[in-house]
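> Below are the structure tokens for one structure; questions will follow.
Residue numbers (my numbering): 760 to 950.
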């Protein structure tokens, strides 16, 4: 039986905590084989934002791949996964995905995810947006990808940054059919 696999890409945009928290939650849930790829700029942000290094992050993944390892299993459509989340996603990586420019393993794995009609979720971290960013988001959406900026929903009553991060992570996983309902309170309407 093929394990349920999910690819997590992390790039140099701010928000390394989203990629880390995805790995942590998937480990806690069990039943998932995570494949991690992080760019060099992603490693810089990991150190700057969370004071973590490559080994600290890799400890949360089941399998790690080098950013330039185009021969990795996740570079092939024959390697079954349930999808891919790029969190955080830089505008450079978004552009590469939007234009099919598979120059590293993150953009190649995203291209494979799209061509195999699997779910690709991109978590862009940049504001304000220029027209190139918006057009690249539209292109990825037209190819079947989901653009999910990590914008908090304040109606859930989260009082801490950690709860806001968990809400985003829970919603990202829900888009893949992964239930982590303990992370956030879905909107149920006004009383």
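Even for Gly, the Cβ is constructed at its ideal location relative to N, Cα and C.
1. If we count the other Cβ atoms within 10 Å of its Cβ and call it buried at 16 or more, is residue 773 buried or exposed?
2. Please report the straight-line C-alpha distance between residue 845 and residue 931, rounded to a whole angstrom.
3. Hey, residue 868 and residue 768 are a contact pair by Cβ (cut 8 Å); roughly how many whole angstroms apart?
4. What are the boundary residues of the beta strand (DSSP E) that includes residue 846?
5. Could you compute how far the alpha carbon of residue 949 sits from the alpha carbon of residue 822?
6. Identify the residues that DSSP records as bridge partners of residue 903: which are they?
7. Evaluate residue 897 with the Cβ neighbour count: other Cβ atoms within 10 Å of its Cβ, from every protein chain shown; 16 or more gives buried, anything less gives exposed.
8. Short of 6 Å in beta carbon distance, which residues of its chain neighbour residue 797, apart from the five on each side in sequence? Order them along the chain.
9. What are the start and end residues of the beta strand (DSSP E) that includes residue 878?
10. Starting from residue 1039, trace the alpha helix (DSSP H) both ways and give me its first and last residue.
Result, derived from the coordinates:
1. exposed
2. 10 Å
3. 7 Å
4. 842-848
5. 43 Å
6. Answer by DSSP bridge pairing: none, since residue 903 is not bridged.
7. exposed
8. 769
9. 878-883
10. Outside the shown range of the chain (760 to 950) lies residue 1039, about which nothing can therefore be said.
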